[in-house]
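J.:
Residue numbers (my numbering), protein chains in the order written: chain U, 14 to 214; chain H, 96 to 376.
1. Distance, Cα to Cα, residue 94(U) vs residue 177(H)?
2. For residue 304(H), decide whether its Cβ has a neighbour in chain U, counting only Cβ atoms nearer than 7 Å.
3. Does residue 33(U) get closer than 7 Å to chain H when you measure Cβ to Cβ?
4. Going along the region 207-233 of chain H in order, which residues come within less than 7 Å of chain U, judged by CB to CB distance?
5. Rounded to the nearest angstrom, what separates residue 377(H) and residue 162(H) at their Cα positions?
6. Evaluate contact between the region 139-150 of chain H and the region 162-175 of chain H, counting only Cβ atoms and requiring at least three cross-stretch pairs below 8 Å.
7. Take residue 212(U) and list the residues in its own chain whose beta-carbon comes closer than 6 Å to its own, dropping the five residues that flank it on each side.
8. Find the residues of chain H that neighbour residue 199(U), judging by a C-beta separation of less than 7 Å, and give them in chain order.
9. To be precise: take each residue of the region 112-125 of chain U, compare its Cβ to all Cβ atoms of chain H, and keep it if any distance is under 9 Å. Which residues remain?
10. For residue 148(U), does the three-state DSSP call read helix, strand or coil?
11. Touching or not, the region 34-53 of chain U and the region 185-199 of chain H, by the rule of three or more beta carbon pairs under 8 Å?
12. Using a beta-carbon distance below 7 Å, is residue 106(U) in contact with chain H?
13. Could you run through the region 289-323 of chain H and flag, in chain order, every residue whose CB is less than 7 Å away from some CB of chain U?
14. When burial is assigned at 16 or more other CB atoms within 10 Å of the CB, is residue 36(U) buried or exposed?
15. Checking 7 Å against the spacing of the C-beta atoms, do residue 38(U) and residue 16(U) come in under that value?
16. Verify whether the separation of the beta carbon atoms of residue 154(U) and residue 121(U) is less than 7 Å.
17. Can you tell me which of the three DSSP states residue 97(H) falls into?
18. When the Cα of residue 315(H) is compared with those of 281(H), 302(H), 300(H), which residue comes out closest?
19. Going along the chain, which unbroken runs of the beta strand (DSSP E) with 3 or more residues stay wholly within the region 96-177 of chain U?
20. Just tell me which of 307(H), 149(H), 113(H) has its CA closest to the CA of residue 132(H).
What follows is the structure in structure tokens.
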């Protein structure tokens, strides 16, 4: 199996490649819309500004083929901004439309805590899931973000807290997403990626 | 559930090899960066910092290769810095595998660099490194009457008289800038820095403990996380800087390199002191 990594220029693409490589899985970067057809699994990594990921998806004409692939049931993993992009919009760039697979807006974490939310934190697990198989509330994951999605949806598998509760892990049929960076989260992150890949074969 | 306090080993390199020295002088070889990176990754380090302390233009390709070799060993975040003067410099370091970049001298000389980097890579990727040195004259002024020069507006006498002052140093600590470290930290955050790497030039290399007073002053005046650096030797130094110093992370170099202190044992100690840390498995 080859994992398709959407390359919109995000800084963490090489890290994701390396993490997959360590799991013995091949990957390829795609930048063109026609390269998404026939993908067996898709990862959308992201870090930085919400506008960068949304604008890039549109400028590279990747929005429609990505949504098509997800509709067809191709396993999809969004990382950090790749999770935020699944919502309707974000306070970080209010004029832009997200992928709108989940309703609601991404908002800033409160200024009562240090921002960005930077470092290792634990999850509050809401329900059983494939993505967190073998993982528990004692595992730490690496976060680096200022904006986050709220938590009403039943697609939320786990939340995290930094000033407020926010969505840390999403899972809904073939759509998976994490606000943290599994590719930077040591053994626990590696396990999560493995769980995603086992769903993908 | 709270954010864990981070323990960050730092690899000071001459581009290719890890070097160590006291107060930025008397450097000697301390090992291969990739080998040390692999060890720290396995021991439970929360991040790794790799710096090019020579930062000369002609050694740049060597340093980028070092970043690639180090990144290949890590499943934790990597910060790289030393000699980053432009967007292009930063881009090459990030492409080589760094998640974050530090800027120091170049940001003092041209503060807009922080904004440019933050807009391009996001604030979470921009670490403002500040080398701060205590200005003993700031305490000498305590209680004294400052006579304002009639031809100039009165200085901000209150804060200068009542509070200790730390001067921002650049070029590896050699040059004074006459910038106030607190004000520079706040300004850097306004410009887009997402984190402060704060090194006490008074404590660096002394192994007499972090500068808790300096760290507390900076950490409580900015909205972003602060990494304390300089002076660490024993586990109590780390617990002090996390509790009294309000540090979000603590960085050290030589005590980890020469095995004076294992990261695993350090984290177990901190956990026993009820300080939230990510315990290695």
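Glycine residues also receive a C-beta, built at the ideal position from the N, C-alpha and C atoms. Owing to the predicted nature of the structure, the values given are computational and were not obtained by experimental measurement.
T.: Considering the structure as presented:
1. 28 Å
2. Residue 304(H) does not count as touching chain U.
3. no
4. 216, 217, 218, 219, 220
5. Residue numbering for chain H in the displayed model covers 96 to 376; residue 377(H) lies beyond these limits and cannot be assessed.
6. When C-beta atoms of the region 139-150 of chain H are compared with those of the region 162-175 of chain H, three or more pairs fall below 8 Å, so the two segments count as touching.
7. 88, 143
8. 170, 171
9. 124
10. coil
11. no
12. No, no contact with chain H.
13. Within the region 289-323 of chain H, those residues whose Cβ lies closer than 7 Å to any Cβ of chain U are, in chain order, 289, 290, 318, 319, 320.
14. exposed
15. yes
16. No.
17. coil
18. 281(H)
19. 100-103, 115-121, 130-135, 153-158, 160-162, 169-174
20. 113(H)
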